[in-house]
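J.: Numbered according to my numbering, the sequence shown terminates at residue 239, and the numbering increases by one at each position without gaps. C-beta: ideal position from N, C-alpha, C; glycine also. Since we're looking at a predicted model, the values are computed, not measured. Got a structure here, written out as structure tokens. Questions coming.
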Amino acid sequence: MRACKNIRAVSFDCGRTLYYEVEEDYVVFHRVLQRLGYKFELTEVQKALDSARLWWNLVKAKTGEVWNEDSWARLLQRMASNLAIQNPDFIAMRLRDCWLSEAEFRAYEDAVPTLSELRNAGFKLIAISNVSSGKNLKTYMRKAGILDYFDAIIASGDIGYEKPHPEIFKTASKVSNIPLDCILHVGDKYEEDYLGACNAGLKALLIDRKGTHKDKQCPKISKLTELISLLQTKQTLNP
Numbered sequence: 001m002r003a004c005k006n007i008r009a010v011s012f013d014c015g016r017t018l019y020y021e022v023e024e025d026y027v028v029f030h031r032v033l034q035r036l037g038y039k040f041e042l043t044e045v046q047k048a049l050d051s052a053r054l055w056w057n058l059v060k061a062k063t064g065e066v067w068n069e070d071s072w073a074r075l076l077q078r079m080a081s082n083l084a085i086q087n088p089d090f091i092a093m094r095l096r097d098c099w100l101s102e103a104e105f106r107a108y109e110d111a112v113p114t115l116s117e118l119r120n121a122g123f124k125l126i127a128i129s130n131v132s133s134g135k136n137l138k139t140y141m142r143k144a145g146i147l148d149y150f151d152a153i154i155a156s157g158d159i160g161y162e163k164p165h166p167e168i169f170k171t172a173s174k175v176s177n178i179p180l181d182c183i184l185h186v187g188d189k190y191e192e193d194y195l196g197a198c199n200a201g202l203k204a205l206l207i208d209r210k211g212t213h214k215d216k217q218c219p220k221i222s223k224l225t226e227l228i229s230l231l232q233t234k235q236t237l238n239p
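In structure tokens form, the structure reads like this:
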């Protein structure tokens with residue numbers, strides 16, 4: 001068992017841990033395409049995006065490519081091609097820019113109170129996310145109203161490694177100048193967040209808001225605010 005008494009920093013996954021997207025991506029894309037003069041049904045856009053994501057998953061499985069800005073552009077080009085749009089490269093750029101502007105990110109109710117209390121208690125806060133770039137991640141976090149709480153932002157697309165690869169967690173240690181075993185990572189995905197962090201040498205917790213991971217034998221919380229009492233009482237965590 002590892003005690004929490006040595007924790008000096010808390011790293012967080014972002015999407016579905018700290019915030020969520022208010023609308024599905026295809027809904028935003030459909031609205032943008034309508035504004036550009038296209039008359040697709042919502043289900044057509046959804047199908048085109050799903051097909052493009054399936055294509056990307058096959059590419060990733062074959063090549064091991066990490067999701068980044070170029071990957072995102074190619075996926076949107078694929079989606080535009082699936083809709084038989086002429087000049088898909090140009091439309092893909094418009095979709096990307098408009099989506100980034102229009103997509104709404106909302107923090108969970110327990111996020112800001114938890115981040116504020118952790119920061120006031122002297123913990124360093126680190127964001128670790130499998131996203132295309134740190135620039136985009138900062139945009140998402142700013143929209144959710146949580147960016148200013150963080151000391152470091154780590155995006156997989158910038159460093160070339162995705163969770164659960166140990167290197168992305170080691171990067172958190174390097175940029176914060178805090179040893180791996182003094183960082184507690186919190187995320188909603190068992191393999192990417194919990195196992196990835198543990199295998200890299202961090203302590204870890206799984207946030208399970210809806211009780212979907214009851215079968216997983218690991219430390220869990222259902223609300224972020226539970227972190228406060230856990231750290232204050234110096235409870236223990238499984239390695």
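Residues in its own chain within less than 6 Å of VAL175 by CB, not counting five upstream and five downstream?
T.: One-based indexing of the sequence shown puts residue 175 at position 175. Closer than 6 Å at the Cβ level, and outside the excluded window around VAL175, lie ALA152.
J.: Return the Cβ separation of ARG8 and ILE178 in integer angstroms, given the expectation that the two are a contact with Cβ distance under 8 Å.
T.: Taking the first residue of the sequence shown as position 1, residue 8 is located at position 8. Taking the first residue of the sequence shown as position 1, residue 178 is located at position 178. The Cβ separation is near 5 Å, so the contact holds.
J.: Let me confirm a value: THR43 is counted as buried when at least 16 other C-beta atoms fall within 10 Å, else exposed. Which label applies?
T.: For this step, residue 43 is matched to residue 43 along the sequence shown. It counts as exposed.
J.: Per DSSP, what kind of secondary structure is TYR108 in: helix, strand or coil?
T.: By one-based count along the sequence shown, residue 108 stands at place 108. Note: TYR108 maps to coil in three-state DSSP.
J.: Quick one: what's GLU21 bridged to in DSSP?
T.: On the sequence shown, residue 21 is found 21 positions in, with the first residue counted as 1. Per DSSP, PHE105.
J.: Quick check on ALA9: does DSSP put it in helix, strand or coil?
T.: As a working mapping, residue 9 is identified with position 9 in the sequence shown. The answer is strand: DSSP assigns ALA9 an E or B state.
J.: Could you tell me the distance, in whole angstroms, from the CA atom of ILE207 to the CA atom of PRO113?
T.: Looking up residue 207 in the sequence shown gives position 207. Looking up residue 113 in the sequence shown gives position 113. Roughly 16 Å separates the two Cα atoms.
J.: So VAL45 is in the alpha helix (DSSP H); what residue range does that whole segment cover?
T.: Along the sequence shown, read from residue 1 onward, the residue named residue 45 stands at position 45. Note, VAL45: alpha helix (DSSP H), 42-63.
J.: Would you kindly work out how many angstroms separate the C-alpha atoms of ALA103 and ILE128, rounded to a whole number?
T.: Locating residue 103 in the sequence shown gives position 103, where the first residue counts as 1. Locating residue 128 in the sequence shown gives position 128, where the first residue counts as 1. Near 20 Å, if we compare the C-alpha coordinates of ILE128 and ALA103.
J.: Among the residues of its own chain, which have a CB less than 8 Å from the CB of GLU65, if the five just before and after it don't count?
T.: Here residue 65 refers to the residue found at position 65 when the sequence shown is read from its first residue. Within the same chain, GLU65 has close Cβ partners VAL59, SER71.
J.: Within 10 Å of its beta-carbon, does LYS39 have 16 or more other beta-carbons around it, so buried, or fewer, so exposed?
T.: Position 39 of the sequence shown, counting from 1, holds the residue named residue 39. Per the 10 Å Cβ criterion, exposed.
J.: Based on Cα-Cα distance, which residue from ARG94, TYR140, ARG209 lies nearest to ARG31?
T.: Here residue 31 is taken as the residue at index 31 of the sequence shown, counted from 1. Selected option, being the one with the closest Cα: ARG94.
J.: Which residue wins for smallest C-alpha separation from SER156, given the options ARG119, SER101, THR171?
T.: Position 156 of the sequence shown, counted from the start, is the residue given in the question as residue 156. Checked all of ARG119, SER101, THR171; the closest Cα to SER156 is THR171.
J.: At the level of alpha carbons, what is the spacing between LYS210 and LYS223?
T.: As a position in the sequence shown, residue 210 is number 210, starting the count at 1. As a position in the sequence shown, residue 223 is number 223, starting the count at 1. Rounded to whole angstroms, the gap between the alpha carbons of LYS210 and LYS223 is 10 Å.
J.: Taking the beta carbon of PHE77 as the centre, do at least 16 other beta carbons fall within 10 Å, making it buried, or is it exposed?
T.: Within the sequence shown, residue 77 is the residue found at index 77, counting from 1. In the sequence as presented, Phe is not what sits at residue 77; that position holds Gln. By the neighbour-count rule (16 or more Cβ atoms within 10 Å), GLN77 is buried.
J.: Can you check DSSP and say which residues form a bridge with GLY187?
T.: Numbered from 1 along the sequence shown, position 187 holds the residue referred to as residue 187. Answer is LEU206.
J.: Rounded to the nearest angstrom, what separates SER173 and ARG142 at their Cα positions?
T.: Start at 1 with the first residue of the sequence shown, and residue 173 comes out as number 173. Start at 1 with the first residue of the sequence shown, and residue 142 comes out as number 142. For SER173 and ARG142, the distance between alpha carbons rounds to 23 Å.
J.: Which residue comes first and which comes last in the alpha helix (DSSP H) that contains LYS135?
T.: Counting from 1 along the sequence shown, the entry for residue 135 is found at position 135. Start and end: 134-144.
J.: Does the Cβ of ASP97 have 16 or more other Cβ atoms within 10 Å, making it buried, or fewer, making it exposed?
T.: Here residue 97 refers to the residue found at position 97 when the sequence shown is read from its first residue. In the assembly as shown, ASP97 is an exposed residue. Its beta-carbon has fewer than 16 other beta-carbons within 10 Å.
J.: Suppose contacts are defined by Cβ-Cβ distances below 7 Å. Is LEU180 in contact with LEU202 by that definition?
T.: Within the sequence shown, numbered from 1, the residue matching residue 180 stands at position 180. Within the sequence shown, numbered from 1, the residue matching residue 202 stands at position 202. Cβ distance < 7 Å, so LEU180 and LEU202 count as in contact.
J.: Between PRO88 and the rest of its own chain, which residues show a CB-CB distance below 6 Å, the 5 nearest in sequence each way excluded?
T.: Position 88 of the sequence shown, counting from 1, holds the residue named residue 88. Answer for PRO88: GLN77, ALA80, SER81, listed in chain order.
J.: Would you kindly check if the distance between the Cβ of HIS213 and the Cβ of ALA275 is under 7 Å?
T.: Since the first and last residues shown for the chain are 1 and 239, residue 275 lies out of range.
J.: Would GLU41 pass as a contact of SER133 if the rule is Cβ separation under 7 Å?
T.: What you label residue 41 is simply residue 41 of the sequence shown in a count that begins at 1. What you label residue 133 is simply residue 133 of the sequence shown in a count that begins at 1. Between GLU41 and SER133, the gap from beta carbon to beta carbon reaches 7 Å or more.
J.: According to DSSP, is GLY196 helix, strand or coil?
T.: As a working mapping, residue 196 is identified with position 196 in the sequence shown. If DSSP states are grouped into helix, strand and coil, GLY196 belongs with the helices.
J.: Let me know if LEU205 comes out buried or exposed under the rule of 16 or more other beta-carbons within 10 Å of its beta-carbon.
T.: Stepping through the sequence shown from its first residue, residue 205 is reached at position 205. By the C-beta density criterion, LEU205 is buried, having at least 16 other C-beta atoms within 10 angstroms.
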